[in-house]
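These notes are about the structure you will find just below.
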Amino acid sequence: MSLHENCCFPGSFDPITSGHEDILVRASHIFDKIIVAVGINNSKQSLFSLEDRLKWLEMVSREIPNVEVDSFEGLTAHYCMKKNAKFLVRGLRNASDFDYEKTISQLNQIVGKDLETIFFISQPSFSHISSTIVREIIKGKGNAAPFLPKAIKNLVTL
47 MSLHENCCFP
57 GSFDPITSGH
67 EDILVRASHI
77 FDKIIVAVGI
87 NNSKQSLFSL
97 EDRLKWLEMV
107 SREIPNVEVD
117 SFEGLTAHYC
127 MKKNAKFLVR
137 GLRNASDFDY
147 EKTISQLNQI
157 VGKDLETIFF
167 ISQPSFSHIS
177 STIVREIIKG
187 KGNAAPFLPK
197 AIKNLVTL
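Numbering (my numbering), first residue to last: 47 to 204.
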């Protein structure tokens, strides 16, 4: 099944996690093209460089033919309009994620001229994983490999 549409899967991907990878794979079966886009937020300090994050996304998505990796500054809705993406893909791990994402989705519908958000509920095996937790493990010199995609699990270090 394909919606014959482009979608955007935006995020900081600081770093990309196994949960992100799962959402990406699942979305790739529904949309003709997925633009995985690293949002550049100058008010947030990223742990990893934009170059590393883009490289890791390329490595993780190498086997998924309908994925494009990109980055953008500014509003996600404006970027989606520029890329002709009519849908946003977001993952939800819990009710807190839903509350936050619902508000952002409603704002994007206003700013993005009816940009629709498609929510993917995380698989139970990934619901505890977040980039924030992975960063803390890495900063604490712990082993983050179990939470990272296989393609990059040995590359994500400080």
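Backbone N, C-alpha and C define an ideal beta-carbon position, used for all residues, glycine too.
Query: R136, DSSP secondary structure in three states; Result: strand
Query: Stretch-stretch touch, CB-based, cutoff 8 angstroms, three pairs: the region 110-120 with the region 83-102; Result: yes
Query: Whole-angstrom C-beta distance between I80 and L70, which should lie under 8 angstroms; Result: 7 angstroms
Query: Inter-residue Cα distance where the pair is I76 and N52; Result: 10 angstroms
Query: Exposure label - P61; buried when at least 16 CB within 10 Å; Result: buried
Query: Enclosing beta strand (DSSP E) for S117 [first to last residue]; Result: 113-119
Query: Exposure label - G188; buried when at least 16 CB within 10 Å; Result: exposed
Query: Distance, F144 Cα to I198 Cα; Result: 28 angstroms
Query: Extent of the continuous alpha helix (DSSP H) to which G65 belongs; Result: 64-74
Query: When S74, G137, A131, F94 are compared against G155, the one with the closest alpha-carbon; Result: Correcting the residue identity first, residue 155 is Gln in this sequence and not Gly. The option with the nearest alpha carbon to Q155 is A131.
Query: Separation of Q152 from H127, as counted between CA atoms; Result: Looking at the sequence shown, residue 127 is not His but Met. Going by the C-alpha atoms only, they are around 16 angstroms apart.
Query: Opposing strand residues paired with F165 [DSSP bridges]; Result: R136
Query: Beta carbon of F59 nearer than 8 angstroms to that of V135; Result: no
Query: CB contact check: L194 to chain B, cutoff 8 angstroms; Result: In the structure shown, chain B cannot be found, because there is only a single protein chain.
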